[in-house]
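First up is the structure itself, then whatever we jot down about it.
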Amino acid sequence: MKKASIIMIIGSLLLLGLFKFPLWNIMLGAPQYPDPLGMNIYINGIKGVSEFDLQNIDGLNHYIGMKKIPKADEMWEFSVFPKVIFGMSMLGIIIGLLGYFSKISYKYFIGWFIAMSVLGVLGMYDFNNWLIDYGGNLDPHAIIKVTNPDGSPMSYKPPLIGFKKLLNFDVTSLPHTGGYLMFIGMALTIVAFWLGRKASLKKRTS
Amino acid sequence: MKNIIIATFTTVIALTTFTSCNNSGKPGGKSGALGSNIAEKVYVAPGEHDEFYAFMSGGYSGNVTVYGLPSGRMFKEIPVFSQFATSGYGYSEETKPMLNTSHGFIPWGDAHHPDISQSKGELDGRWLFINENNTPRIARLSLTTFETEEIIEVPNSAGNHSSSFVTENTEYVVAGTRFSVPIPQRDMPIKEYKGNFQGALSFISVAPETGNMDIKFQILMPGFNYDLSHPGRGKSHGWFFFTTYNTEEANTLLEVNASQNDKDFIAAINWKKIEDYVNNGGGTMMPANYAHNIYDEETHTATSTMKKEVRVVNPIEVPGAVYFIPTPKSPHGCAVDPSGEYIVGNGKLSANVTVHSFTKMLDAIKNEKFAGEAYGIPILNFEDVLAGVVNQAGLGPLHTEFDGKGNAYTTFFISSEVVKWKLGTWEVIDRKPTYYSVGHLTIPGGNSGKPQGKYMFAMNKITKDRYLPTGPEMEHSAQLYDISGDKMELLLDFPTHGEPHYAAAMEASIIKEQSQKIYKLADNKHPYAAKSDADTKVVREGKDVHIYMTTIRSHFSPDNIEGIKVGDKVYFHITNLEQDFDVPHGFAMIGQTNSGLLIMPGQTKTSVWEPKEVGVWPFYCTDFCSALHQEMQGYIRVSAANADTPLKWSLGEDIE
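Line order of the protein sequences matches chains W and F.
For the first sequence, counting from 1, position 193 maps to 449 in our numbering; every step adds exactly one.
For the second sequence, counting from 1, position 571 maps to 618 in our numbering; every step adds exactly one.
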């Protein structure tokens, strides 16, 4: 159980990587952009991969009537997400510590994982909603208006994950370092649960 | 599944992009014995990069062109001494001061010998220096922005030809005079040339951090013609060598009268000794008048300052500093091998190449074995200093460079060939024809302690039938040779712009990493910059009207301007707000009598327009900047001189 608890603590600590590394990354390459433009999505705001990428993405997007990429203070998510991540990390550490001193059962580990997963899915859902609005809520006076075959305006929503071709741009959306650390951390909490369970079964059978 | 593969692949590409910037430069072919396919050796596949940069002088174009090797593709022309309507250099208000001289504004120059800055005898890729022969000047170009940053005029000089070569730590860039003149200039009979005219050799210090140039001292030498020069390096660091012709001191029909002496001289200058002398107060300050022009990258503006004195040194007042080495037949090129031991004099009316020994020269000086003196300067014995002679190598040797593997390569103008010979044994190893009448040749790093001897290219003076004909006037031609094997192999012909008298070349790695992509708008300190739409305005000061204008894809701001009058002087101060690589905007105004502008991201440039007729006149962007480039235009309303049309401007709405 001690080993399981330590893994639980390490897993929870890995969430803190999100304060240093981006959660997600969207890259936009085009024939004119052999060095693609890119945005790194942190839990507390969006930054360009290179110094002027956001400005250049906004500059290009004005042709098709997209809104500017929101600043940190323009979306509530960027103030709430850091709190949630920090809270969940602390909670995971506390659970791990309590587990270490055998105050609580290993089942709390999976409980934390489920809670984190629910929050994660909600976060993704919210992120996707923003992408839909960002890509679809266009200025009616846009310089270039592209319609789908059925006449409806084309959406420039970047993919939530994976690759999509948007006009001349190849858009790739994938988790970044912070995101991967979070996934590894969450995976470790399942390992912690599994080890805790194994230890507990062993104790019962012996 | 396919999407995931593509996504993964794209991410890998993206990650590579962040970590390694750009590794796409690859050498173009197979090595030595396997290289049967010559085309493959110069083929640089689409999107791939050349292995070397070559900076060619433009001769009478006054500019520098940038080439890639081995492909022979030209990438850019950098304006230096000549106005350049393409970008507005020498036409814009900011760059006009770059072409200021003691003779006033000069729109043209004759650019000769580029040289790349060095640290510890190796090319460091920071700056390129180049001389202007006609109105003596030295320019310094940045190899991060590929723009001319500084030009200094050289007083007391005429025909600034034995220039602009740098010492091994870029302590000095050196400029020598080809035409001796009265110093100071005065009204005197030409026939009194002999004994009265002098030749100034200028040592221009280069500030280690900024590169800023300052004439530290000029050595006033006898009135010979100082043709070319080279720094000592390694063991001979601290010395500089100049070839001379017209030691006869003829002032007319030089082709005959300056070709009488069997031997002219190589002047060996111990500049360290003169530097010490000057640092201890030696030499005299002489009244002079010369321009020093500096371009500031932050204000995007050049300033010209007239300097009023220069320090001159009489060489006979510094014992042991200057010697003459007899060298046959009006030597042209002066070359020092990478070790610093051999000093090659290319007697251009000779069939031989003469090589002097630095060690033997020091011995002769130590033992005071002199053959005589000229104007108080000791002349060494030819035989005492001679290291060897490359006999009957060809006709008309002009210039020599080295591959760093113990071989030298000499051009022969008259027999139109390059000859490879061995240092020390003086035997000819190989010869290859050039097309036609080669002047100088370049080996990347050839003028340094560490040549990068893979390629050599010859810059020819005569083109004739090498390309599709273009009437009587043609571009010159260069030939690229592979020198990695024992025998030279001709790989490629390529046309060059102007008349390249020499080129400096080096491996691309250092320069391509430092090459700047944009100018940061935040660093722009131009006094008339408009850094955002909110800063745009039109200000009248009497007859002068200043328009603070911005460009961004795809509009000017403002694009409607009223209240301009006939007789006004309108200054368009245009700031390109883009911060994206390779998104310049252009500017052209109907009836403009200077040139258009090409404005790089983050830059501000100014063009003057003097409207002469009432009307509504358009301006537009000349650089196809975006899908809406054709829409990037505006109008200026010009009213009569006595009209009371108010000064107004707008973007996106009508002027009310």
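Just so it is clear, CB atoms sit at the ideal spot from N, CA and C, and this is done for glycine as well.
Any Cβ of chain F closer than 8 angstroms to the Cβ of Ile349(W) would place that residue at the interface, and such an atom is absent. Look at the stretch 352 to 379 of chain W: it has no residue with a C-beta under 7 angstroms from a C-beta of chain F. When secondary structure is reduced to three states using DSSP, Asn180(F) falls in the coil class, being assigned neither helix nor strand. For chain W, none of the residues of the stretch 517 to 545 of chain F brings a beta carbon within less than 8 angstroms of one of its beta carbons. When rounded, the separation of the alpha-carbon atoms in Thr374(F) and Gly423(F) is 19 angstroms. Within a 10 Å sphere around the beta-carbon of Ala674(F) sit fewer than 16 other beta-carbons, which makes this residue exposed.
Exclusion of the five residues before and after Lys241(F) leaves Glu296 as the residues of its chain whose Cβ lies within less than 6 angstroms of its Cβ.
The C-beta distance from Gln626(F) to Gln288(W) rounds to 15 angstroms, too long to fall under 8 angstroms, and the pair is not in contact.
Straight-line measurement puts the Cα of Phe287(F) at about 16 angstroms from the Cα of Ile412(F).
The alpha carbon of Pro161(F) has as its nearest neighbour, out of Ala314(F), Ser306(F), Ala688(F), Gly492(F), the alpha carbon of Gly492(F). Beyond the five residues adjoining it in sequence on each side, Phe671(F) comes within less than 8 angstroms, by CB distance, of no other residue in the same chain. Each residue's CA atom was taken as its position, placing Trp155(F) and Gly109(F) some 6 angstroms apart.
In terms of beta-carbon proximity, Arg684(F) stays away from the interface with chain W, with every pair separated by 8 angstroms or more. Comparing C-alpha distances from Gln265(F) to each of Ala338(F), Met535(F), Gly223(F) shows the shortest one belongs to Gly223(F). Bounds of the alpha helix (DSSP H) holding Ser268(W) are 258 to 270. DSSP, read as helix, strand or coil, puts Gln311(W) in helix. Asn312(W) has a beta carbon lying within less than 8 angstroms of a beta carbon in chain F. Taking CB atoms only, Arg600(F) has a neighbour in chain W less than 8 angstroms away.
Contact of Phe308(W) with chain F is assigned, a C-beta pair being separated by under 8 angstroms. Annotation: His277(F) to Val360(F) spans about 20 angstroms, alpha carbon to alpha carbon.
Ranking Gln232(F), Gly270(F), Lys263(F) by CA distance to the CA of Phe244(F) puts Gly270(F) first.
Here the C-alpha atom of Lys413(W) lies approximately 15 angstroms from the C-alpha atom of Gly285(W). Beyond the five residues adjoining it in sequence on each side, Ile153(F) comes within less than 6 angstroms, by CB distance, of Leu146, Thr182 in the same chain, given in chain order. Annotation for Gln561(F): the continuous alpha helix (DSSP H) segment containing it runs 555 to 561.
Not one beta carbon of chain F lies nearer than 8 angstroms to the beta carbon of Ile440(W). Not flagged as an interface residue toward chain W: Gln265(F), since no C-beta distance is shorter than 8 angstroms.
In the structure shown, Arg225(F) adopts coil according to DSSP, grouped into three states. For Arg460(W), the enclosing alpha helix (DSSP H) stretches over residues 433 to 461. Annotated three-state conformation of Glu536(F) is strand, per DSSP.
The beta-carbon distance between Leu451(W) and Ala260(W), rounded to whole angstroms, is 4 angstroms. This is short enough to meet the 8 angstroms contact definition.
Within the same chain, Cβ atoms closer than 6 angstroms to the Cβ of Pro126(F) are found at Asn110, Tyr136, the five residues on either side in sequence being excluded.
Only Ile399, Ile400 from the stretch 387 to 403 of chain W bring a Cβ to less than 8 angstroms from some Cβ of chain F. For chain W, the residues of the stretch 607 to 633 of chain F that bring a beta carbon within less than 8 angstroms of one of its beta carbons are Glu625, Gln626, Asp627, Phe628, in chain order. Only exposed fits Gly662(F), as fewer than 16 other CB atoms lie within 10 angstroms of its CB. Beta bridge pairing from DSSP links Cys381(F) with Gly392(F). The C-beta of Tyr514(F) has fewer than 16 other C-beta atoms within 10 Å across all chains shown, which makes the residue exposed.
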